[in-house]
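>
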Ligand SMILES: Nc1ncnc2c1ncn2[C@@H]1O[C@H](COP(=O)(O)OP(=O)(O)OP(=O)(O)O)[C@@H](O)[C@H]1O
Ligand SMILES: Nc1ncnc2c1ncn2[C@@H]1O[C@H](COP(=O)(O)OP(=O)(O)OP(=O)(O)O)[C@@H](O)[C@H]1O
Ligand SMILES: [Mg+2]
Ligand SMILES: [Mg+2]
């Protein structure tokens, strides 16, 4: 079972003459879990796309199971036994869960027709194994991001691949799902499946991988067995410099309440949500999948229709029916679903950044856009978050996932909101950029921005927030402040074991 | 929790049967408005009248689900029918046997439809030209070729038998209606229960995702246009049998809009990715009833367009309203 | 490094100017094939011939970028022109002053276009009905209303002056060509340099993302259809001024296909989200040259369709080929 | 006569025509409606069901729908001869059938009434050639390619071929539309330096071509000949202010009203006064008449659309 399963030798990849990968040579051993890390835009996904037949390398060769192979399209990859969980969802929204899982490898009856029942059965088993509670015949478009990701995992696993590639599978998952995934990975590994695992969560790399490789600017700069490196060392290799304290020091917010929600209710989704937000406060929203955090954000923004509930700004009641109303009232939203609702992939970096804040770049007459002003503002964001892009006019489809996320963040803060609802702001972002984002949000808070911070990473919530509200099944189950913000307390509230002890 | 479930349940049903509900409403209104409407013969007439564009609309459904459009169907009807009848006449001269001639003519028309559809498909997939442009171009080309082979006039079949076989009945149904229903069943199964049907939706929903899922996108699209071409030629055969002739300048005029309208009224979105075959037939019947009622009620010819437009918009509005 | 830069340079240019390259090729071929082609008057003729559908295609570009389609433009041309001339005639009876009557007629036509466009926009945004269906319906409705007010015949204006103002020249250009160019410039700036243009592309790319980005999606779409309606009425005024009459049964027939074809040949995809205004004019000119050349070369009427279809497909193929 | 009429058989007359897609058809429909209205006012025992079709298939459907409504008389102006088999079905089922204009491809009618397509363009061509002294360059603008168009154009070519001095320079399709004809004329004017006359055999197209010529400010063309007596063109001829337009040929749309009377006579087994035969003539071809300034007034119907 041991030996080399895959060798990629001297792989180079250029996009319109810009080098993205230069002479990358990697070897993957049979049955190992190989971690690949690197900053946003380092070329990780590109390397994996070459393996799965989506891109062809400009030069270099691939040896799979001791045979030189050319992976010209996804079908070739599939035939070799390579399957991938891509960084961006690769699901057909119009089709059901089981259709997607079996897309391209349908189970058929003897008469050639689709064996729907058989596929549904198999899907049910897979979902059960991953402890996902969704119906096999649910349409993808009705699923939450997390569930979509679980479907992607099922899809990749269902193929019984020899080599399973996972490109940031956990960036949209919460603790619980990650644990399930890791259990699955260990089982697959024991069955002999080889796994390439990409993540920005270095602790996960440390926990699950056997070996780790670091890519920087398209070059492989470091390979080591996992037991021989620490998380801190990995981060240093990635970034090329020393990283210090991750989370900034929290300052005490002002006492003044600038924003308040009373009794927000969306039938079947949210019930009686009330909370206050002080000036300069960072308020965490914690909970398990489907607890309703996204629903709270979307209801405040006016995207979801509420059946009752009032919203106050500086003590005055404001009417919000749609996102225009909320933005006009200084409330802005960073969506968790980058691809679906966050960015326009055929818009440039500038155009995305200023999409919400466009009015401030327009001359009154004819609403003429002052492009220079737009560009200057975007440049600031690019430098602050280290957005890696060929130019500010590059379309977002050509940016790496993490860099798209940074643009998405820039877009939500560019209008200089008073209240920012950040839903998973650091999804898919590398460690140093993460740190930068934390600092930035913190400094904005110091200047008076109030922030509702939604995250599935407990660490972030604990490190960033002045106060944390925990939700379960569409209700607030408790509120934590100061010293009491810790993992244990949050989990208690989120799972509902000590429900009733806290009332906000 | 129960509320949630019934809510979803209702939504599911409504979505699926919305076009049927519009049809039912139109049916009720029509039978109240006109005493002739519910006569058995009138219903049969409507079914036969819509069967020709109905078949074409079935192929159009595939094309639209794939994310494309086929504007060439009307002209192709005329061209296929011309080829069929010319070949029939030619065979009659040689064999002077009506059956051989008829069979030969029909086969020629079918093959022509297949070729024409593949040509569209080829230009769209290999040539990477927008379906709208390719089929707009081939719409002009097929009409022009029909005019050319028929000197812009009529091509009449020399076989009297050809002119009657399309008028017979099978199981009490006129032949074209029967054929349309069989085709509907076959295509409906293809769409819902075969691999091809799945891939068609996948391709229409996102060609990129389909490609990443190791689906041969070009092949799937190509087949959709070919199917459309073949269905057009079946319709062309039935229609030319009805007239026992082809009017090269007029036959099939405007079929493309009727067919696309039937597809969309039936609930398949123009953006593709999903669709329903039965819905398309329902859509075609809705259009047929509207035309029938305009005649039955004797609406002024100048205002027929207004009524027709309003009813079409209304029929789709009903579907949207509660969804 | 140099290779790198030229590579990008070339690609950028090609994408943007693909339709211009197709036009240039057609231009060269035409001037070789026909000695009359390059005459100044012939070029002016082509420009004037395309200016009417050209203006309409400009509005269509907005609609298509927004992710929609407007099939009603042809019928609306006839209806707007009818309203304009009827009102003009009415004012002439009251005031017997040609200027007042003409101004009133033109304003009436413009207002009618605005209202008709808003009606489309309203049904599409508020009614949540597919643009294809709404405008297919209103296509039937507007034509029918025009037939109704004109008894399917011609409505002639009683003002001789109205019949001449569209024939004058401004800066050596025929009035409709001049107006088309001004509109092109205005709409091009609107699309590329204003907030509305940016939002239009956003809405067409993804209505959902646009909604999340606090863009009033319905309003943006509504405006696109309204703009289309107004441009149609400008074209209707110019066209009816040229004949000093409206033929209610056939004015504007088929304009929708010509306009959509111009938009797509010009490089705006039917799926929306991006587009170019100048490209649309280039597309319209390409179509104009094709028609002109068919006449100039005396192609047989039966085969004109074939040649036209092939050239349209070819013109778009050239654009795709190297992109 | 009321009493006499009351005793007559009740006639339910279905009337099917193509929709108005050209100026001429609008006038035809006007006359059809006038014919129906006049008869309805005269006779309580007559009921009309009028339908019109924008394509052949729709017309076939229309006729079926009329039959479903139990008509006993059918008047049909076929979209083209391909609807023959449907008309035949009506005829065979005992419906009194009158076919007009574009005709059917076999005899499946009681009466066929039509204008004379050959005579129509022959008269016109003869007049033009004569006016040109049998010497000169002619350009044609044709309609939509279809059988009647073919007949007309062939007749023009055949007639002109008698005169070696007459040369037909070109013939392009103007689809019976003013705007198309205008564009074609513009192109002709570029292409041909010397044109003597323009023949379109349709007044809409003639007016479009005339417009193009006037805009060009050229002085070579001497005559524009349309056809079918558009009221504005007849007015022009009457007034004599437009030297380019001096004549026209009838292709009277009032055949659509005439046909109603013919159908009623026939269905009731009557005949024209002074006609000794029992049965109506099977084929009635209406003459194509040349209209010039002298007789124009009698062809002027200001109420037509
Ligand atoms: N199709 C493309 N065309 C041009 N440039 C591209 C394309 N795809 C990726 N790139 C560029 O290649 C570089 C590497 O991208 P890649 O997606 O591999 O990064 P990554 O390491 O996966 O980053 P992340 O952690 O953000 O996902 C980026 O700078 C990106 O802009
Ligand atoms: N379109 C919808 N229709 C009906 N119910 C929905 C819809 N979208 C989500 N829900 C339900 O609303 C509840 C809240 O979902 P929400 O996405 O807000 O949770 P969340 O806490 O943000 O979870 P996540 O961490 O996955 O984002 C869930 O029970 C979910 O199933
Ligand atoms: Mg990546
Ligand atoms: Mg969420």
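Protein chains in written order, with the numbering used here: chain A, 1 to 504; chain B, 1001 to 1323; chain C, 2001 to 2323; chain D, 3001 to 3305.
Even glycine gets a Cβ: it sits at the ideal position worked out from N, Cα and C.
This structure is a prediction, so every number in the text was calculated from the model and none was measured.
(1) Can you tell me which of 3281(D), 3268(D), 3261(D) puts its alpha carbon nearest to the alpha carbon of residue 3033(D)?
(2) Kindly list, in the order they appear in chain B, the residues whose Cβ is closer than 7 angstroms to that of residue 3054(D).
(3) At which residue ranges does the stretch 1194-1235 of chain B contain complete alpha helix (DSSP H) runs of 4 or more residues, listed in the order of the chain?
(4) Which residues in the same chain have their Cβ closer than 7 angstroms to the Cβ of residue 2177(C), if we skip the five residues on either side of it in sequence?
(5) Compare the C-beta of residue 3029(D) against all C-beta atoms of chain C and say whether one is closer than 7 angstroms.
(6) Take the Cβ of residue 2323(C) as the centre, count every other Cβ of all protein chains shown within 10 Å, and call the residue buried at 16 or more, exposed below.
(7) How many angstroms separate the CA atom of residue 2305(C) from the CA atom of residue 2042(C)?
(8) Between the stretch 91-124 of chain A and chain G, which residues of the former have CB atoms less than 8 angstroms from a CB of the latter, in chain order?
(9) Which residues in chain C sit within 8 angstroms of residue 3145(D), going by Cβ to Cβ distance?
(10) Using the beta-carbon of each residue, which ones in chain A are nearer than 8 angstroms to residue 1263(B)?
(11) To which residues of the same chain is residue 267(A) closer than 8 angstroms at the C-beta, ignoring the five residues directly before and after it?
(12) Under a CB-based cut-off of 7 angstroms, is residue 215(A) close to chain C?
(13) Counting C-beta neighbours from all protein chains within 10 Å, is the total for residue 431(A) 16 or more, i.e. buried, or is it exposed?
(14) Between the beta-carbon of residue 2203(C) and the beta-carbon of residue 2113(C), is there less than 7 angstroms?
(15) Please list, in chain order, all residues of the same chain as residue 3172(D) whose beta carbon is under 6 angstroms from its beta carbon, the five residues on each side excluded.
(16) Applying a beta-carbon distance threshold of less than 8 angstroms, which residues of chain C neighbour residue 342(A)?
(17) According to a CB-to-CB cut-off of less than 9 angstroms, which residues of the stretch 2305-2317 of chain C neighbour chain B?
(18) Have a look at the DSSP bridge pairing and note the partners of residue 3290(D).
(19) So that I know if they touch, is there some Cβ in chain C lying closer than 7 angstroms to that of residue 1140(B)?
(20) Using the beta-carbon of each residue, which ones in chain C are nearer than 7 angstroms to residue 1085(B)?
(21) Here's the rule I'm using: 16 or more other beta-carbon atoms within 10 Å means buried, otherwise exposed. How should residue 390(A) be labelled?
(22) The alpha helix (DSSP H) spanning residue 1101(B) covers which residue range?
(23) By the three-class DSSP mapping on this structure, what secondary structure does residue 1255(B) have?
(24) Are the CB atoms of residue 1201(B) and residue 1274(B) nearer to each other than 7 angstroms?
(25) Would the beta-carbon of residue 461(A) fall within 7 angstroms of that of residue 284(A)?
(26) By Cβ distance, which residues of its chain are closer than 7 angstroms to residue 2089(C), with the 5 residues on each side in sequence left out?
(27) Can you tell me which of the three DSSP states residue 2084(C) falls into?
(28) Under 8 angstroms, with one C-beta from each stretch per pair, do the stretch 339-352 of chain A and the stretch 370-378 of chain A reach the 3-pair mark?
(29) Checking the sheet assignment: what are the DSSP bridge partners for residue 3052(D)?
(30) Evaluate residue 3277(D) with the Cβ neighbour count: other Cβ atoms within 10 Å of its Cβ, from every protein chain shown; 16 or more gives buried, anything less gives exposed.
(31) Where DSSP assigns a beta bridge to residue 1154(B), which residues make up the other side?
(32) Is residue 34(A) near ligand 1, judged by its Cβ being under 6 angstroms from some heavy atom?
(33) In whole angstroms, give me the CA-to-CA distance for residue 1085(B) and residue 2267(C).
(34) Tell me, please, whether the CB atom of residue 3305(D) is closer than 7 angstroms to any CB atom in chain C?
(35) Is the separation between the beta-carbon of residue 3227(D) and that of residue 3201(D) shorter than 7 angstroms?
(36) Can you name the residues that DSSP bridges to residue 3197(D)?
The short version:
(1) 3261(D)
(2) Simply 1254.
(3) 1195-1205, 1207-1212
(4) 2047, 2048, 2051
(5) So, interface residue.
(6) With a pLDDT of 41 at residue 2323(C), under the threshold of 50, the modelled position of this residue cannot be trusted, and the question is left open.
(7) 22 angstroms
(8) No chain G appears in this structure, whose protein chains are A, B, C and D.
(9) 2301, 2302
(10) Per Cβ cutoff of 8 angstroms: no residues; residue 1263(B) is ~16 angstroms from chain A at best.
(11) 307
(12) no
(13) buried
(14) The Cβ atoms of residue 2203(C) and residue 2113(C) lie no closer than 7 angstroms to each other.
(15) 3184
(16) 2209, 2212
(17) 2305, 2306, 2307, 2308, 2309, 2310, 2311, 2312, 2313, 2314, 2315, 2316, 2317
(18) 3249(D)
(19) Yes, because at least one Cβ of chain C sits closer than 7 angstroms to the Cβ of residue 1140(B).
(20) Within chain C, no residue comes near residue 1085(B); the closest Cβ sits about 18 angstroms away, beyond 7 angstroms.
(21) Looking at its Cβ environment, which holds fewer than 16 other Cβ atoms inside 10 Å, residue 390(A) is exposed.
(22) 1098-1125
(23) helix
(24) yes
(25) yes
(26) Excluding the 5 residues flanking it on each side, residue 2089(C) has same chain C-beta neighbours closer than 7 angstroms at 2157, 2158, in chain order.
(27) Under the three-state reduction of DSSP, residue 2084(C) is assigned to helix.
(28) yes
(29) 3017(D)
(30) exposed
(31) Looking at the DSSP output, residue 1154(B) shares a beta bridge with 1247(B).
(32) no
(33) 40 angstroms
(34) yes
(35) yes
(36) Bridge partners of residue 3197(D): 3138(D), 3223(D).
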